[in-house]
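Accompanying notes for the structure given below.
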Amino acid sequence: MKLVHKQIEKDGKGSVALVAQEDEDMWHVYNLIQNGDLVRALTFRNVKTTGPTGSVRSEKVKVMVTIQVESVDFDTKSSEIRISGKNREENKFIKLGAYHTIELALHRKFTIDKTRWD
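Going by full-length UniProt numbering, 15 is the number at position 15 of the sequence shown; the sequence numbering is gapless.
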């Protein structure tokens with residue numbers, strides 16, 4: 001596991017940015033993340049646009065999303081973690097409070113923000 005950034009206050013609140021490098025790292029991340037934590041990562045979103053002729057086009061767009069964790073699932077076969085929850089930072093593709101799912105995978109940076117690290 002690679003620690004990219006760490007900022008934890010004396011009261012225990014703070015965030016860490018990580019990159020999981022092995023399958024076992026993903027298991028440890030799965031055990032770190034709890035309901036109520038904020039997780040920030042790059043994800044893909046299908047965006048539909050209407051052209052001048054009325055035709056609808058769909059394309060995948062990379063979006064940085066911060067969600068408040070409501071559920072966490074770990075897929076042992078693919079070593080991916082699926083985190084679902086509400087968006088906490090509005091952007092032009094996802095409204096504030098909209099539900100979204102982030103998939104954390106090996107070699108991709110993500111940030112975990114907790115109110116209390118122990």
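Yeah, the Cβ is synthetic: ideal placement off N, Cα and C, and Gly gets one too.
Task: Pairwise C-alpha distance: Glu80 and Glu22 - done: 11 Å
Task: Residue environment, Arg40, which counts as buried when at least 16 other CB atoms sit within 10 Å - done: buried
Task: CA-to-CA distance, Glu9 to residue 135, given in whole angstroms - done: Residue 135 lies beyond the stretch modelled for the chain, which goes from 1 to 118, so this question has no answer here.
Task: Thr76 versus Trp27, Thr111, Val16, residue with shortest Cα-Cα distance - done: Measuring from the Cα of Thr76, the nearest candidate turns out to be Trp27.
- [ ] Could you say which of Arg82, Lys62, Asp73, Phe110 lies nearest to Phe93 if we only look at CA atoms?
- [x] Lys62
Task: Span separating the alpha-carbon of Glu89 from that of Phe74 - done: 24 Å
Open item on the list: Among the candidates Asp118, Asn31, Ala17, Val72, whose CA atom is the shortest distance from the CA of Leu42?
Closed with: Ala17
Task: Same chain, Cβ closer than 6 Å to Ser48, neighbours up to 5 away in sequence not counted - done: Residue 48 is actually Lys in this sequence, not Ser. Scanning its chain for C-beta atoms nearer than 6 Å, with the 5 sequence neighbours on each side dropped, one finds around Lys48 the residues Val56, Ser58, in chain order.
- [ ] Evaluate Ala20 with the Cβ neighbour count: other Cβ atoms within 10 Å of its Cβ, from every protein chain shown; 16 or more gives buried, anything less gives exposed.
- [x] buried
Task: Residues that Asp113 bridges to, as DSSP identifies them - done: Ser15, Leu38
Task: Gly12 and Asp118 closer than 8 Å at C-beta - done: yes
Task: Delimiting residues of the beta strand (DSSP E) encompassing Asp75 - done: 56-75
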